Amino acid sequence: MTGRLRVTGRHAAVILLLIPLLYPIAWLFLASFKSGSEIVQSLALLPREYILDNYLALGDDLAGVPAWTFFVNSTIVAGACALANVASCSLAAYAFARLRFRMRGVLFAFTLATIMLPVHIITIPQYSLFQKLGMVDTFWPLILPKLLATDAFFIFLMVQFMRTIPRELDEAARLDGCGSIRIFGTIMLPLVRPALVTTAIFTFIWTWNDFFTQLIYLSSPERLTLPLALRLFIDTTDYNAFGPMLALSALAIVPILLFFAAFQRLLVEGFATSGLKG
Amino acid sequence: MTTVLDRPVQKPRSTSTPARRYGERPSIAYLFLTPWVAGALLLTLGPMLWLLYLSFTEYDLFTAPRWVGLDNYVRMLTVDPHFWNAVWATSKFVLISVPVQLAAALGVALLIHRKSRAQGFYRSAFYAPSLLGASVSVALVWRVIFHDWIGHPDRALLALVLLAVWQFGAPMVIFLAGLQQIPQEYYDAAAVDGAGPWRSFLKITIPMLSPVIFFNLVLDTIRAFQVFTGAYVVSNGTGGPSDSTLFYTLYLYEKGFVEFKMGYASAMSWFLLVVIAVITALLFRTAKGWVFYSGDES
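As given, the protein sequences belong to chains D and F, one line each in that order. Residue 214 in UniProt numbering sits at position 214 of the first sequence, with consecutive numbering throughout. Residue 124 in UniProt numbering sits at position 124 of the second sequence, with consecutive numbering throughout.
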């Protein structure tokens, strides 16, 4: 085989792999224009005829509230979590990456260990705590842990990133009389902006997708987020409900796809960075 | 970086003597760490101790916990058949999905790691399912697409394995980054010595990539133990048919947040925690035999 043929073969193999891989996503969008009975009858990609009924049905209330409520709730929760994670994790990461204090090594090791701590385990006692604080069925149990830097993965990501910033910059600023707070705000934060943006977008996407925590804490219809609204369809066996279910499913992943389209390089590389330079 | 250095140099303050150069007060560090310390104490350490206590009690969230000693653990390990079904379903899921996912991730990474104009596109396209796969939306798609499989125990589990494997993009991008750090000279030298592609793969790629393989293996194993959304959506929250998709986290949720048997769920939590800790420790122990760190790494 000549070199060029081999390269062409490689590209052909990759594209053949991508077709089944991306099929479910394409199917979701196209099936949302099918009738309920066609959805269950065939897994064909293209609808026999395109109908908008499924999307129009979302104009009716679901669980007694308008469907846009779920988008607003998901946006509030995911947006607040993203901001909170950036603020709290960058503070902690700066301390771990640059400042000296007693037990720094032990505390950082503790943080790394909590990356492996399953969220399902910690949720049981946390639920008990939030219940005593009267915060169940509010957004606080979802946002507060992010405000308090419990997302160790992002502390780790930022520490990794901050370690690549030359120390000479800090030292020069210190000679000029800058304190740690000024150095953090005027030197470190602007230089690690890619890590901050990566953290914000990952937190947004993961919170947007998160089902378990929201399932546990939220119950009032007017506070349901998108994953919980979609859950309302889970026990349906009604063909007529399949269409609206897929329409809402498709709309629910549009924000993720938009973020992905805008920041794909940052996201892919941000994820790769977390696995290297360890 | 140049942008920072190009700024006009600030006038040194009179207090900036060399003695104070590194002399930042430790209290500044604690200021930065305040949210983290509060989170670690109130939302991690405190709850873990509370969880340990709860595991020895009967607790329904609404009345005070009642001490029952080892009852929960005894019932869990010796009486409750669903518990062992959950352990079995989760073990099967972890043992099948993790190796298959990692193999797919490595295979595709090898296929696309050569520099080409399409590489960026490929990387992103393979990675997209990793961002969407955890969503209820995709789980619902799975429910419709694998509709005929869901009634059958083995196939229902297989559908969930496929959902997990489908998300191989996340470990793949880490493999890609690892592959790009292997110096091309190694392969050139091996080629001069007459090594074929298979031999180069075994003698260069695998050893050089072993730290990354290990990292992916540990993270994926822990992640697989925690799978929840897909099983909940596909089985309608029941873990059926016949407990075949009753993953550990699903059963934990059912005990704790549906039946409000918080004491029992806490005992289950500690069991899971110990299992994950033991498996991670075992992985680290075996790693000494096959993970190769090149000497020049800091």
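Even glycine gets a Cβ: it sits at the ideal position worked out from N, Cα and C. Bear in mind the structure is a predicted one, so any value in this text is a computation, not a measurement.
Close-in-space but distant-in-sequence residues of the same chain around residue i (CB under 7 angstroms, 5 per side omitted)
i	result
Pro244 (chain D)	Asn54, Ala57, Leu58
Thr245 (chain F)	Ala89, Ala156, Leu157, Leu160, Ala231, Val234, Ser235, Gly239
Tyr73 (chain F)	Ala267
Ser74 (chain D)	Trp208, Thr225, Leu226
Phe260 (chain D)	Leu267
Gln214 (chain D)	Leu142, Thr225, Pro227, Leu228
Ala164 (chain F)	Ser97, Gln101, Ala224, Val227
Gly256 (chain F)	Met262, Ala265
Val291 (chain F)	Ser210, Pro211, Phe214
residue 300 (chain F)	Here chain F covers residues 1 to 298 and nothing more, so residue 300 (chain F) does not appear.
Ile276 (chain F)	Ile222, Phe225
Tyr239 (chain D)	Gly36, Ser37, Val40
Ala104 (chain F)	Val165, Phe168
Tyr293 (chain F)	Pro211
Cβ separation of residue i and residue j, assumed to be a contact under 8 angstroms, to the nearest whole Å
i	j	result
Phe93 (chain F)	Leu157 (chain F)	7 angstroms
Gly149 (chain D)	Ala92 (chain D)	A small fix is needed here, since residue 149 (chain D) is Ala in this sequence, not Gly. Going by Cβ atoms, the distance from Ala149 (chain D) to Ala92 (chain D) rounds to 5 angstroms, so yes, they are a contact pair.
Val212 (chain F)	Phe175 (chain F)	6 angstroms
Ala229 (chain D)	Leu248 (chain D)	7 angstroms
Trp50 (chain F)	Pro125 (chain D)	4 angstroms
His147 (chain F)	Pro241 (chain F)	The pair is not a contact, with the Cβ atoms about 13 angstroms apart (cut-off 8 angstroms).
Cys81 (chain D)	Phe154 (chain D)	In fact, because the Cβ distance is near 11 angstroms, the residues do not count as touching under 8 angstroms.
residue 309 (chain F)	Ile256 (chain D)	Since the displayed chain F opens at 1 and closes at 298, residue 309 (chain F) lies outside it and no answer follows.
Counted within 10 angstroms of its Cβ, other Cβ atoms place residue i as buried (16 or more) or exposed
i	result
Asp60 (chain F)	exposed
Met172 (chain F)	buried
Thr286 (chain F)	exposed
Gln184 (chain F)	exposed
Thr237 (chain D)	exposed
Thr198 (chain D)	buried
Pro197 (chain F)	exposed
Asp235 (chain D)	exposed
Gln167 (chain F)	buried
Pro20 (chain D)	exposed
Thr203 (chain D)	buried
Thr273 (chain D)	buried
Ala84 (chain D)	buried
Thr69 (chain D)	buried
Trp142 (chain F)	buried
Leu246 (chain D)	buried
Thr8 (chain D)	exposed
Neighbourhood of residue i by C-beta distance below 8 angstroms, restricted to the same chain and skipping five residues each side
i	result
Ala250 (chain D)	Leu28, Phe29, Ser32
Leu179 (chain F)	Ala109, Leu110, His113, Thr205, Leu209
Ala241 (chain D)	Gly36, Phe233
Arg231 (chain D)	Phe211, Leu215
Ala87 (chain D)	Leu147
Arg6 (chain D)	none
Ala63 (chain D)	Pro221, Leu224, Ala229, Leu232
Leu54 (chain F)	Pro65, Met262, Gly263, Ser266
Ala191 (chain F)	Ser200
Val68 (chain F)	Phe56, Thr57, Glu58, Gly263
Close beta carbons around residue i, own chain, < 6 angstroms, minus the five adjacent residues each side
i	result
Arg21 (chain F)	With a pLDDT of only 45 at Arg21 (chain F), under the threshold of 50, the placement of this residue in the model should not be trusted, and no figure is reported.
Phe161 (chain D)	Val192, Ala195
Phe184 (chain D)	Tyr94
residue 288 (chain D)	As shown, chain D starts at 1 and ends at 278. That puts residue 288 (chain D) outside it, with no answer to give.
Ala86 (chain F)	Leu246, Tyr248, Tyr251
residue 291 (chain D)	There is simply no residue 291 (chain D) to check, as chain D begins at 1 and stops at 278 in what is shown.
Alpha helix (DSSP H) runs contained entirely in the region 209 to 249 of chain F, provided each spans 4 or more residues: 229 to 234
Runs of alpha helix (DSSP H) lying entirely within the region 58 to 103 of chain F, each at least 4 residues, in chain order: Look at the region 58 to 103 of chain F and you find these whole runs of alpha helix (DSSP H), each 4 residues long or longer: 71 to 74.
Where are the alpha helix (DSSP H) runs, 4 residues long or more, that stay fully inside the region 43 to 86 of chain D, in chain order? 53 to 57
List in chain order: all unbroken alpha helix (DSSP H) runs of 4+ residues lying wholly within the region 121 to 167 of chain D. Within the region 121 to 167 of chain D, the complete alpha helix (DSSP H) runs of at least 4 residues are 140 to 147, 152 to 162.
Please list, in chain order, the residues of the region 53 to 83 of chain F that have any C-beta partner in chain D closer than 7 angstroms. Residues Leu54, Leu61.
Residues of the region 202 to 214 of chain D whose Cβ lies closer than 7 angstroms to any Cβ of chain F, in chain order: Ile205, Asn209, Phe211, Phe212
Please name the residues in the region 83 to 110 of chain F whose beta-carbon is closer than 7 angstroms to at least one beta-carbon of chain D, in chain order. Val108
Contact residues within the region 220 to 247 of chain D, judged by C-beta distance below 8 angstroms to chain F: Taking 8 angstroms as the Cβ-Cβ cut-off, the region 220 to 247 of chain D approaches chain F at Leu226, Pro227, Leu230, Arg231, Phe233, Ile234, Asp235, Phe242, Met245, Leu246, given in chain order.
Taking a Cβ distance cut-off of 7 angstroms, strictly less, list which residues of the region 66 to 96 of chain D are near chain F, in chain order. Ser88, Leu91, Ala92, Tyr94, Ala95
In the region 127 to 152 of chain F, which residues sit with their C-beta less than 9 angstroms from some C-beta in chain D, listed in chain order? So the close ones are Tyr127, Ala128, Pro129, Ser130, Leu131, Leu132, Gly133, Ala134, Ser135, Val136, Ser137, Val138, Ala139, Leu140, Val141, Trp142, Arg143, Val144, Ile145, His147.
Taking only beta carbons into account, state which residues of the region 236 to 263 of chain F come closer than 8 angstroms to chain D, listed in chain order. Asn236, Gly237, Thr249, Leu252, Tyr253, Gly256, Phe257, Met262
Which of the residues in the region 194 to 220 of chain F, read from start to end, lie with their CB under 9 angstroms from any CB of chain D? Pro211, Val212, Phe215, Asn216, Val218, Leu219
Compile a chain-ordered list of the residues in the region 123 to 143 of chain D whose CB is closer than 7 angstroms to at least one CB of chain F. Identification of residues in the region 123 to 143 of chain D having a C-beta nearer than 7 angstroms to some C-beta of chain F yields Ile124, Pro125, Gln126, Ser128, Leu129, Gln131, given in sequence order.
Where the region 20 to 39 of chain D meets chain F: residues whose CB sits under 8 angstroms from a CB there: Leu21, Leu22, Pro24, Ile25, Trp27, Leu28, Ala31, Ile39
Listed in chain order, which residues of the region 265 to 279 of chain F have Cβ atoms closer than 7 angstroms to some Cβ of chain D? Ala265, Ser266, Ser269, Leu272, Leu273, Ile276
Short-range partners of chain D found in the region 222 to 235 of chain F, where Cβ spacing is below 8 angstroms: Ile222, Phe225, Gln226, Phe228, Thr229, Tyr232, Val233
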